[in-house]
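Numbering (this note's numbering), first residue to last: 2 to 122.
Here is the structure we will look at.
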């Protein structure tokens, strides 16, 4: 099961995330990184977040590539965001990810996602 398709959250969690009412426990910022460096930061950041017992990780990945041919920032814009879900679903940490949701505007909006980590039982 891919993390984005996981249904590991109850309606209360989803509602609080949508309202931006849950402060992230940990933040991973991939801005300005090459694809290889971004993957390394993501993997290491998830390792640290899990080691610290974080439940909600804010992942800042940048905005998705605009649709259309008039991207003024160059052809590589959105490359990290395009790979993100594949990286998460094939990560060594995939089994610990309960869900991935879009971030509230106060936490980065379309340029970020929340990664909800499973509780250790």
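We put the CB at the ideal spot given by N, CA and C, even for glycine.
No experiment lies behind these values; they were computed from the predicted model shown.
Between which two residues does the beta strand (DSSP E) holding residue i run?
i	result
residue 100	98 to 103
residue 30	27 to 30
residue 95	Unbroken run through residue 95: none, as it is neither H nor E.
residue 124	Coverage of the chain is limited to positions 2 through 122, which leaves residue 124 absent and any answer about it impossible.
residue 113	113 to 118
Would residue i and residue j be called neighbours here (beta carbons separated by less than 7 Å)?
i	j	result
residue 61	residue 19	no
residue 94	residue 47	yes
residue 10	residue 104	no
residue 102	residue 115	yes
Would the beta-carbon of residue i be found less than 6 Å away from any heavy atom of the ligand COA?
i	result
residue 94	Of the ligands one can find in the structure shown there are none, so the ligand COA has no counterpart to examine.
Answer with buried or exposed for residue i, where buried requires no fewer than 16 other C-beta atoms within 10 angstroms of its C-beta.
i	result
residue 117	buried
residue 110	exposed
residue 24	exposed
residue 85	buried
residue 12	exposed
Following the continuous alpha helix (DSSP H) through residue i, name the residue where it begins and the one where it ends.
i	result
residue 39	36 to 52
residue 83	80 to 91
residue 18	12 to 19
Under 8 Å Cβ to Cβ from residue i, same chain only, skipping five residues before and after it: list those, please.
i	result
residue 29	42, 43, 46, 47, 50, 58, 59, 60, 61
residue 120	56
residue 81	31, 34, 36, 39, 62, 63
residue 17	23
Ordered along the chain, which non-local residues of its own chain (more than five positions away) have a Cβ less than 7 Å from that of residue i?
i	result
residue 88	40, 43
I'd like to know if residue i contacts chain C, where contact means its C-beta is closer than 7 Å to some C-beta of that chain.
i	result
residue 56	Protein chains in the displayed structure number just one, and chain C is not present.
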